[in-house]
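**Q** This is the structure I have questions about; it appears just below.
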Amino acid sequence: MATLHILSHSPFTDSRLGSCLRLLGPDDGLLLSGEAVYALQPGSVARQALELMPESIALHALAEDLEARALTDLPSRLSAVDYPAFVELCCRYDKVNSWI
Numbered sequence: 008m009a010t011l012h013i014l015s016h017s018p019f020t021d022s023r024l025g026s027c028l029r030l031l032g033p034d035d036g037l038l039l040s041g042e043a044v045y046a047l048q049p050g051s052v053a054r055q056a057l058e059l060m061p062e063s064i065a066l067h068a069l070a071e072d073l074e075a076r077a078l079t080d081l082p083s084r085l086s087a088v089d090y091p092a093f094v095e096l097c098c099r100y101d102k103v104n105s106w107i
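Right, here's the structure in full:
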């Protein structure tokens, strides 16, 4: 059963990103929003962990949050989505897990 995992907390303040990455299945997706987009900072340990994810796991981030934090050097596999696409992603997966 494919799950969309949604992270919104900074990867530098707690271990949610690491916990999430350990639980991702091969058909899952990961959506970064809010402070979680800081995981995409070039050279960070969080970015390296995201780049090591299997290619079968879809990586998404809210475009508005990327823009608000001026993040532009992004992984080629990343799909920047707007809010309508975010809703569509939630409908595409069997389950949605928000890492509150």
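Just add 7 to the spot in the sequence shown (first one is 1) and you have my numbering.
Glycine included, every Cβ here is placed at the ideal spot set by N, Cα and C.
Under a three-way DSSP split, which group does leucine 59 fall into?
**A** Coil at leucine 59, not helix or strand.
**Q** With a CB to CB cut of under 8 Å and the five nearest residues on each side skipped, what residues in its chain are close to valine 44?
**A** Cβ within range, chain order: Ala68, Leu69, Asp72, Leu73, Arg76, Leu78.
**Q** When DSSP builds the beta bridges, which residues end up paired with valine 103?
**A** BP columns for valine 103 point to Leu11.
**Q** Can you tell which of Ala9, Asp80, Pro49, Val52 has its C-alpha closest to the C-alpha of aspartate 34?
**A** For the residues Ala9, Asp80, Pro49, Val52, the minimum Cα distance to aspartate 34 belongs to Ala9.
**Q** Which residues in the same chain have their Cβ closer than 6 Å to the Cβ of proline 18, if we skip the five residues on either side of it in sequence?
**A** Cβ neighbours of proline 18 beyond the five flanking positions: Leu24, Ala46, Ala53.
**Q** Hey, could you find the ends of the beta strand (DSSP E) serine 22 is sitting in?
**A** Per DSSP, serine 22 belongs to no beta strand (DSSP E) and is neither H nor E.
**Q** Between which two residues does the beta strand (DSSP E) holding alanine 87 run?
**A** First-last of the beta strand (DSSP E) with alanine 87: 85-88.
**Q** Give the single residue among Arg99, Met60, Leu11 whose Cα lies nearest to the Cα of serine 40.
**A** Serine 40 has its Cα closest to that of Leu11, out of Arg99, Met60, Leu11.
**Q** What's the C-alpha gap between tryptophan 106 and serine 83?
**A** In a straight line, the C-alpha of tryptophan 106 is about 24 Å away from that of serine 83.
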